[in-house]
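Student: A single structure is presented below for examination.
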Amino acid sequence: MELPKSTLHLHRKTGQVLIFALILLVLVVLAVEGCLRLAVKSGHMPDPGPGTNNADLNYKLPMLDQLVRVDGPIDCIFIGSSMTNDGIDPEVFSQHYAELSGRKVTCFNFGIGTLTGEIASGMGHILKERYHPAVLIYGTSARDFSKEMGARALRSDQWYLYMLGTWNLPGWLQEHSMVYREYLKLLRDMNPDNRQFVIKVRENTTPYGHFLVHPFVTQLEPGYSIHEQELVKRDFNGLMDLGRMNHNGIEVIVFEVPVHKDFLPVYVNDTLADYYRLFHDPASEILAKYQVPFINTVSGDKFTTMDDEWADMKHLNQKGAVNLSSFLAEAIWQLQQSGQITWSETNADH
Amino acid sequence: MPIISWQFGLFVVVVLAVYYLLPRKAQNIWLLTASVGYIATWNTFSVVVLMVTILVNYAAGLRIWQSSRKNPKWLWFGIAVNLAALFFFRIESSGYLEKMIRGILHITDTANAFELRILLPVGFSYYCLQAISYLVDVSHQQCEPEKDLAQFSLYMAYFPRLISGPIERARSFLPVIASNRIVDNEAVSRGFTRIIIGLIRKVVLAGILSGYIAKDLFSAPGNYSSFDLIFQMFLYAFWVYNDFAGYTSIVRGVSDLFGISLSANFDTPYFAHSFTDFWNRWHISLSHWLRDYIFYPFSRFLLRKKINPRSVLYLALPPLITMMVSGLWHNFGAFMLCWGMLHGLFQAAEKLMGRGKPAIKWEDRSLYKRLGTILLVFTGVVFTWVPFASGSLSRVAGYFRAVFTSHAPVQITTLYLIPLYAVAVNIALDWIQYHSKDELVFRRWPIFIQSALLAAALLAILVSFLGSQSALTNFVYQGF
Numbered sequence: 001m002e003l004p005k006s007t008l009h010l011h012r013k014t015g016q017v018l019i020f021a022l023i024l025l026v027l028v029v030l031a032v033e034g035c036l037r038l039a040v041k042s043g044h045m046p047d048p049g050p051g052t053n054n055a056d057l058n059y060k061l062p063m064l065d066q067l068v069r070v071d072g073p074i075d076c077i078f079i080g081s082s083m084t085n086d087g088i089d090p091e092v093f094s095q096h097y098a099e100l101s102g103r104k105v106t107c108f109n110f111g112i113g114t115l116t117g118e119i120a121s122g123m124g125h126i127l128k129e130r131y132h133p134a135v136l137i138y139g140t141s142a143r144d145f146s147k148e149m150g151a152r153a154l155r156s157d158q159w160y161l162y163m164l165g166t167w168n169l170p171g172w173l174q175e176h177s178m179v180y181r182e183y184l185k186l187l188r189d190m191n192p193d194n195r196q197f198v199i200k201v202r203e204n205t206t207p208y209g210h211f212l213v214h215p216f217v218t219q220l221e222p223g224y225s226i227h228e229q230e231l232v233k234r235d236f237n238g239l240m241d242l243g244r245m246n247h248n249g250i251e252v253i254v255f256e257v258p259v260h261k262d263f264l265p266v267y268v269n270d271t272l273a274d275y276y277r278l279f280h281d282p283a284s285e286i287l288a289k290y291q292v293p294f295i296n297t298v299s300g301d302k303f304t305t306m307d308d309e310w311a312d313m314k315h316l317n318q319k320g321a322v323n324l325s326s327f328l329a330e331a332i333w334q335l336q337q338s339g340q341i342t343w344s345e346t347n348a349d350h
Numbered sequence: 001m002p003i004i005s006w007q008f009g010l011f012v013v014v015v016l017a018v019y020y021l022l023p024r025k026a027q028n029i030w031l032l033t034a035s036v037g038y039i040a041t042w043n044t045f046s047v048v049v050l051m052v053t054i055l056v057n058y059a060a061g062l063r064i065w066q067s068s069r070k071n072p073k074w075l076w077f078g079i080a081v082n083l084a085a086l087f088f089f090r091i092e093s094s095g096y097l098e099k100m101i102r103g104i105l106h107i108t109d110t111a112n113a114f115e116l117r118i119l120l121p122v123g124f125s126y127y128c129l130q131a132i133s134y135l136v137d138v139s140h141q142q143c144e145p146e147k148d149l150a151q152f153s154l155y156m157a158y159f160p161r162l163i164s165g166p167i168e169r170a171r172s173f174l175p176v177i178a179s180n181r182i183v184d185n186e187a188v189s190r191g192f193t194r195i196i197i198g199l200i201r202k203v204v205l206a207g208i209l210s211g212y213i214a215k216d217l218f219s220a221p222g223n224y225s226s227f228d229l230i231f232q233m234f235l236y237a238f239w240v241y242n243d244f245a246g247y248t249s250i251v252r253g254v255s256d257l258f259g260i261s262l263s264a265n266f267d268t269p270y271f272a273h274s275f276t277d278f279w280n281r282w283h284i285s286l287s288h289w290l291r292d293y294i295f296y297p298f299s300r301f302l303l304r305k306k307i308n309p310r311s312v313l314y315l316a317l318p319p320l321i322t323m324m325v326s327g328l329w330h331n332f333g334a335f336m337l338c339w340g341m342l343h344g345l346f347q348a349a350e351k352l353m354g355r356g357k358p359a360i361k362w363e364d365r366s367l368y369k370r371l372g373t374i375l376l377v378f379t380g381v382v383f384t385w386v387p388f389a390s391g392s393l394s395r396v397a398g399y400f401r402a403v404f405t406s407h408a409p410v411q412i413t414t415l416y417l418i419p420l421y422a423v424a425v426n427i428a429l430d431w432i433q434y435h436s437k438d439e440l441v442f443r444r445w446p447i448f449i450q451s452a453l454l455a456a457a458l459l460a461i462l463v464s465f466l467g468s469q470s471a472l473t474n475f476v477y478q479g480f
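Written out as structure tokens, the structure reads:
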């Protein structure tokens, strides 16, 4: 038998279906993408958010985009965990700061659940690049440095990695494709827990990102002693990275998020010495190295709270948030007066 | 290198590109080299075992042909070597051997004791059955022994089917390897259609379903309500089917691009109207192997022993034995024996109930009866998946105990709409294939519909790939 010259015997019609399919796919995706973008831009549809594995982040990012669209460039952004999310009211802060300085500033609370020191640094970079605020204020506590704290799910999130410079297709699509964002939202909405969470957040969050918590019964939660928690190096590295950002196109301020006075003995195991040794001193040392102001609320006696200002042992309620926000406005104004920070006009124009 | 990975895609493209440029003889050498290279990406131990198996069976095949049919000592030698190796690797990879040796040597300190565990060589249980079928076929003079070592090696090691089949027969596959291959538009279209269908099953459908089957379903069944337990087994049935059928479709599609057709392994099994029919539709290459080399010989043996062909013994024993062997082939454990036994008992019951009754053609039955029968068989199959999926008999007992006694609240929510959509797509896909009696019926549809379907399929595959890579690369039948 004669061998054929070649195994491959293809004629011109090869791949016709595939070519039509690809053209159709591109056309349909582009059409849907265009329609969705128009609908979101015109306000007919809410921006679904980037679809990360942090539900707070998915909600806060479109909120901040919307705020910037309506109010113009942002002056300062608060970051931190749920303790910051509940404990800072940016409107109160701005109002109090304006009373002191005579200057109106727009701030946004970007507190998101279980934000640790390491992720705070990443989010700091992302928010700086995206919104160019003049000041980044990080509300932190020893819990943000604890190995036991949260799932640290954002560490492996594709969008988070993409935004920090590790290119990946899902991350790119999450950032740039409304079709993909809507698809991820559809998946999230299938989960009733997530749906309920979004409803709760939507009903209780102000346009400036403050999650309003109303007073409820204060109960002591054991098991959070600093001795029972292993503070991890990568979170201190995150703090160091935030320090490096200071005076690098942005000013960074760090404050201690307070905890309830009955919780403090549990938190620090009856003595403040260990609190200083394990958390406060190393953090202060890092921040001092980069000339980052560190405002004390736990270890100092300048900030005090009443029982009715707490939602639980670690989270301030609405009243407590007014107290803390006013205190911070004053503290930051004093820092500005003493020349430790300059707080120039927003970087958005730069 | 898992089949569902960009590395495998790249590997296939490179192998194909070189393959098309080579003359036929060199093509086989190239395919063999690629196959050995492919298996080496898993581990070198698997390469060594494959080489030894090839050489032993190659030599045994020649010896069988040379010796007389009345003296089948080489046949039995070859079968014994293959079965002994399979038995050893099965028992060893299941951990029984280690346990036995520890027991004999009275080793209780497991932390400091020796490590004996060896992984089952990749694809061994599949190519071992191919080797046995080759020896039997040569002995029965249904095919001549392959004198070309490279061609015989390719028969054993051909990479698209190496990991998990289909199990090819020497009499049909060796001539394919020896013949000229032409890859024309028809073959390319067939191949790509199979790959796309396979990806839809494996990546999209099985990928979705796997996310909704609780990891602790059998270790902690008490955490779930009776409804959840049954519902998740229902999802498991569709997952295991799409996982394996998807894999088979992909490798058959890849092989089509080499101009080499691989046998079908699935034919809409959940539309089966009896348990015997189910095994003619599920893992067809294995069930036909079991039928030809265990069921038929055992039935003939019973007839030679003058057993009445209408007796309970004759009707029940061959399916029972065959399915129990099938269970042990899958995994060496009492739970798999139980799985095989259940299938054997169902088949035996079918035969006994049908004894003496006039056969009514399937097509002549009413729609309701046909639907009812299909549902009944499907329910029985789902029931048998419990021991298959559980991993031990105690877990099987725990699962069924929880089904009847669990007080856990029902966890079904709107979240479960997603796997139900996947099941609906699966049933629609199967129904189209079943109704048309053509797995590639889509190629006969108008070009616009084909393009629209392909566009939707590509989008679904892309989105699934973006979703979760880890869940996709795990392949349940690879373990066998």
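In order, the protein sequence lines correspond to chains A and B. Residue numbering for the first sequence is 1 to 350, as defined by our numbering. Residue numbering for the second sequence is 1 to 480, as defined by our numbering. In this text, a Cβ means the ideal position worked out from N, Cα and C, and glycines have one as well. In this text the structure is predicted, and so the values were computed from the model without any measurement.
#1: For asparagine 308(B), count the other beta carbons within 10 Å of its own beta carbon; 16 or more makes it buried, fewer makes it exposed. Which is it?
#2: Identify the contact partners of asparagine 185(B) in chain A, using a Cβ-Cβ distance below 7 angstroms as the criterion.
#3: Tell me the residue span of the beta strand (DSSP E) that contains valine 136(B).
#4: Near asparagine 204(A), which residues of its chain fall below 8 angstroms by C-beta distance, leaving aside the five closest residues on each side in sequence?
#5: Within 7 angstroms of any Cβ in chain B, is that where the Cβ of glycine 223(A) sits?
#6: What's the gap between the Cα of isoleucine 284(B) and the Cα of leucine 64(A)?
#7: Give a yes or no on whether the minimum CB-CB distance between glutamine 450(B) and chain A is below 7 angstroms.
#8: Rounded to a whole number of angstroms, what is the C-alpha to C-alpha distance between phenylalanine 89(B) and isoleucine 54(B)?
#9: At the 7 angstroms Cβ level, is serine 338(A) part of the contact set with chain B, yes or no?
#10: Please list the residues of the region 255-270 of chain B that have a C-beta atom closer than 8 angstroms to any C-beta atom in chain A, keeping them in chain order.
#11: Cα separation between glycine 9(B) and valine 47(B)?
#12: Under a Cβ-count criterion, where at least 16 other Cβ atoms within 10 Å of its own Cβ denotes burial, should alanine 455(B) be classed as buried or exposed?
#13: Taking C-beta pairs closer than 8 angstroms, name the residues in chain B that valine 28(A) reaches, listed in chain order.
#14: Are the CB atoms of tyrosine 224(B) and alanine 408(B) nearer to each other than 7 angstroms?
#15: For tyrosine 183(A), which residues in chain B fall below 9 angstroms Cβ to Cβ?
#16: Could you confirm whether any beta carbon from chain E is found closer than 7 angstroms to the beta carbon of arginine 181(B)?
#17: Which residues of the region 164-175 of chain A have a Cβ closer than 8 angstroms to any Cβ of chain B? Give them in chain order.
#18: When DSSP labels each residue in this structure, what does tyrosine 212(B) get in the three-state scheme?
#19: So, are the CB atoms of alanine 272(B) and alanine 316(B) less than 7 angstroms apart?
#20: Distance check for glycine 122(A) and aspartate 56(A), CA to CA, integer angstroms please.
#21: Based on DSSP bridge pairs, tell me the residues matched to glutamate 256(A).
#22: Could you work out which residues of chain B lie near threonine 116(A), taking near to mean beta carbons separated by less than 7 angstroms?
#23: Would you tell me roughly how many angstroms separate the C-alpha atoms of glycine 340(B) and arginine 304(B), rounded to the nearest one?
#24: Contact between the region 275-290 of chain B and the region 318-334 of chain B is defined here as three or more beta-carbon pairs at a separation below 8 angstroms; is this criterion met?
#25: Within 7 angstroms of any Cβ in chain A, is that where the Cβ of leucine 415(B) sits?
#26: Measuring CA to CA, which of Leu135(B), Phe400(B), Ser153(B), Gly391(B) is closest to asparagine 331(B)?
#27: For the candidate residues Lys147(B), Gly95(B), Trp76(B), whose alpha-carbon lies nearest to that of isoleucine 132(B)?
#28: Against methionine 245(A), what residues of chain B qualify as contacts under a CB-to-CB distance less than 7 angstroms, listed in chain order?
#29: Can the beta-carbon of glycine 165(B) be found less than 7 angstroms from the beta-carbon of tyrosine 126(B)?
#30: Put leucine 440(B) into one of helix, strand or coil per three-state DSSP.
#31: So, is glutamine 142(B) buried or exposed, given that buried needs 16 or more other C-beta atoms within 10 angstroms?
#32: Just to confirm my understanding: we take lysine 302(A), look at its own chain, exclude 5 residues before and 5 after, and list those with CB closer than 6 angstroms. What are they?
#33: Are cysteine 76(A) and cysteine 35(A) close, meaning C-beta to C-beta below 7 angstroms?
#34: Report yes if the C-beta distance between valine 496(B) and isoleucine 64(B) is below 7 angstroms; otherwise report no.
#35: Could you tell me the boundaries of the beta strand (DSSP E) in which isoleucine 196(B) lies?
#36: Could you say if the region 182-195 of chain B and the region 212-221 of chain B meet the contact criterion of at least three C-beta pairs nearer than 8 angstroms?
Tutor: So, from the data block:
#1: exposed
#2: Leu10, His11, Lys13, Thr14
#3: No beta strand (DSSP E) holds valine 136(B); the alpha helix (DSSP H) holding it covers 124-139.
#4: Phe211, Leu212, Val213
#5: Summary for glycine 223(A): the model assigns pLDDT 49, below 50, so the residue's position carries little reliability; its value from the coordinates is reported in the next sentence. It does not: the Cβ of glycine 223(A) has no partner Cβ on chain B nearer than 7 angstroms.
#6: 58 angstroms
#7: yes
#8: 17 angstroms
#9: no
#10: Gly259
#11: 21 angstroms
#12: buried
#13: Ala455
#14: yes
#15: Val463
#16: Checking the listed chains, one finds no chain E in this structure; the protein chains it contains are A and B.
#17: Leu169, Pro170, Leu173
#18: coil
#19: no
#20: 16 angstroms
#21: Thr140(A)
#22: Simply none; closest approach about 24 angstroms.
#23: 26 angstroms
#24: yes
#25: yes
#26: Gly391(B)
#27: Trp76(B)
#28: By Cβ distance, chain B contributes nothing, its closest Cβ being about 31 angstroms from methionine 245(A), past 7 angstroms.
#29: yes
#30: coil
#31: exposed
#32: none
#33: no
#34: As displayed, chain B neither begins before 1 nor continues past 480, which places residue 496(B) out of reach and without an answer.
#35: No beta strand (DSSP E) holds isoleucine 196(B); the alpha helix (DSSP H) holding it covers 185-199.
#36: no
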